[in-house]
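S.K.: Sequential numbering from 0 applies to the sequence shown in numbering that gives the first Met the number 0.
Virtual Cβ for every residue (Gly too), placed ideally from N, Cα, C.
Can you read through this structure? Questions will come right after.
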Amino acid sequence: MAIDLGTANTLVYVKGKGVVLNEPSVVAIVNEKGRNTVLAVGEDAKQMLGRTPGSIQAIRPLRDGVIADFIVTEEMIKHFIKKVHKKTIANPRILICVPTGSTPVERKAIQDSALAAGARRVQLIEEPIAAAIGAGLPIQEATGSMVVDIGGGTTEIAVMSLGGVVYSESLRVAGDAMDNSLKDYMREEYNLMIGDSTAEKIKKDIGTAIPTNNNTYAVKGRDLRSGTPKEVNISEQDTSEALNPILKEIVSGIKKALENTPPELSADLVDMGLTMTGGGSLLKNIDKRFSKETGLPVNIADDPLSCVAIGTGKALDDQEIFSTVLSEY
Ligand code: ADP
Ligand code: MG
0 MAIDLGTANT LVYVKGKGVV LNEPSVVAIV NEKGRNTVLA VGEDAKQMLG RTPGSIQAIR
60 PLRDGVIADF IVTEEMIKHF IKKVHKKTIA NPRILICVPT GSTPVERKAI QDSALAAGAR
120 RVQLIEEPIA AAIGAGLPIQ EATGSMVVDI GGGTTEIAVM SLGGVVYSES LRVAGDAMDN
180 SLKDYMREEY NLMIGDSTAE KIKKDIGTAI PTNNNTYAVK GRDLRSGTPK EVNISEQDTS
240 EALNPILKEI VSGIKKALEN TPPELSADLV DMGLTMTGGG SLLKNIDKRF SKETGLPVNI
300 ADDPLSCVAI GTGKALDDQE IFSTVLSEY
């Protein structure tokens, strides 16, 4: 099986079956008499985020792209492997995709967790390579390819050629930062306090990188002065203004990557453009805006939320073709 361990969502791909599991990377833990026990993982645990009573904690262990909590991450990996495993093969060979910026200690921890969960053999693949394979880019040719993956906690920007990563950078701004910007904006402009899920919903429903209409959208929250529930109407202009700092930061990251790309490969990128993956690339008009600001053609991969999992799965299926991009700790 192949696993895309994301900061927001974890996907599991099984050979011959495709993506069989897609759940939030969230673990709910209950602390009783000083002992932590796992209460729920995935979708069930996400429902508890921001709604937990004292003794329960809902945690996103990979939130910022680094493993904040090894034990919780291990529990989560084990849970997902077991859930899929039961219905499939015994002692699977597992391929897990890891961010390019992850440390050797983190890679080893991920590998050990999968072994502890019953894997026979665990191999790793760099996330941008998996994203590129999923998007059908010719990464093994002597042509430059650029992938920008906007996930929950991190944006991974990478330039690849001949099956290797030539340049990569991981920014700590992505979908979560967009949600936080929307929260800050609502507080500053409308004195309205909103929760994380409301901010995420605004982003998905009317969030845009370039406003195109004046339609209004009702947002419910709590008035900061009176403390009572309140509803305000916002427009696409509001969201683009709120998201502006985040989008600017990602564009700077792309420009920096272009400056650090060898000239021959840059020339390829001018023709081929950059490919976007990850849930953040579903933000309305993000491709138009990035294209305008970088001067490159921008393509969004088909099914950006599953692209990395599909690419990891392809690398698992076509072991021989992709052997050079797999590693073991
Ligand atoms: P990760 O790989 O880090 O787990 P994903 O690629 O699964 O992240 O993307 C999750 C992020 O994508 C979340 O921040 C989510 O809010 C965002 N997202 C999902 N759908 C949309 C959409 N339609 N518009 C904007 N952002 C979206
Ligand atoms: Mg991802």
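1. If you follow the alpha helix (DSSP H) that Gln236 is in, where does it begin and where does it stop?
2. Taking the alpha-carbon positions, what's the Met275 to Ala134 distance?
3. Can you tell me which of Asn90, Pro303, Ser169 and Val218 puts its alpha carbon nearest to the alpha carbon of Ser101?
4. I'd like to know if the segment 3-10 and the segment 145-153 are in contact, where contact means that at least 3 CB-CB pairs between them fall below 8 Å.
5. With respect to the beta strand (DSSP E) encompassing Leu114, which residues constitute its N-terminal and C-terminal limits?
6. Could you say which of Thr238, Tyr189 and Leu191 lies nearest to Asn213 if we only look at CA atoms?
7. In three-state terms, what does DSSP make of Val65?
8. If Val297 sits next to Gly272, beta carbons under 8 Å apart, how far is it from one beta carbon to the other, in whole angstroms?
9. Apply the 10 Å Cβ neighbour rule to Leu268 and answer buried if 16 or more other Cβ atoms are within range, or exposed otherwise.
10. Which class does Ser326 belong to by DSSP, given the choice of helix, strand or coil?
11. Return yes when the C-beta of Asp183 is under 7 Å from any heavy atom of the ligand ADP, and no when it is not.
12. Just checking Val307 against the ligand MG - is the residue's beta carbon closer than 7 Å to any of the ligand's heavy atoms?
13. Taking the beta carbon of Val182 as the centre, do at least 16 other beta carbons fall within 10 Å, making it buried, or is it exposed?
14. For Ala130 and Leu136, what's the separation of their Cα atoms in angstroms?
15. Measuring CB to CB, does Ala1 end up less than 8 Å from Leu94?
16. Please state whether DSSP places Gln318 in a helix, a strand or coil.
17. On the three-state DSSP scale, how would you describe Ser167?
18. List, from N- to C-terminal side, the alpha helix (DSSP H) runs of 4 residues or more that fit wholly inside the segment 164-204.
19. With DSSP run on the structure shown, which of helix, strand or coil describes Leu94?
20. Would you list the one or two residues that DSSP bridges to Glu155?
21. Below 8 Å between beta carbons: does that hold for Leu38 and Val25?
22. Determine the direct distance from the alpha carbon of Asp68 to that of Ile193, and round the result to whole angstroms.
23. By DSSP, does Gly310 sit in helix, in strand, or in coil?
24. Whose CA, out of Gly220, Glu22, Gly33 and Lys229, lies closest to the CA of Lys200?
M.R.: A quick look at the data gives this:
1. Glu235 to Glu258
2. So the two alpha carbons sit approximately 9 Å from each other.
3. Ser169
4. yes
5. First-last for Leu114: Pro103 to Ala115, but that is the alpha helix (DSSP H), not the beta strand (DSSP E).
6. Ranking the options by Cα distance to Asn213, first place goes to Thr238.
7. coil
8. 6 Å
9. buried
10. Ser326: strand per DSSP, three-state reduction.
11. Because no heavy atom of the ligand ADP lies under 7 Å away, the Cβ of Asp183 does not count as near it: no.
12. yes
13. Residue 182 is actually Lys in this sequence, not Val. With 16 or more other CB atoms across the displayed protein chains lying within 10 angstroms of its CB, Lys182 is buried.
14. 9 Å
15. For Ala1 and Leu94, yes; Cβs fall inside 8 Å.
16. helix
17. strand
18. 174-189
19. strand
20. Glu155 has Asp148 and Ser169 as its beta-bridge partners, per DSSP.
21. No, these two residues do not count as a Cβ contact at 8 Å.
22. 27 Å
23. helix
24. Of the candidates Gly220, Glu22, Gly33 and Lys229, the one whose C-alpha sits nearest the C-alpha of Lys200 is Gly220.
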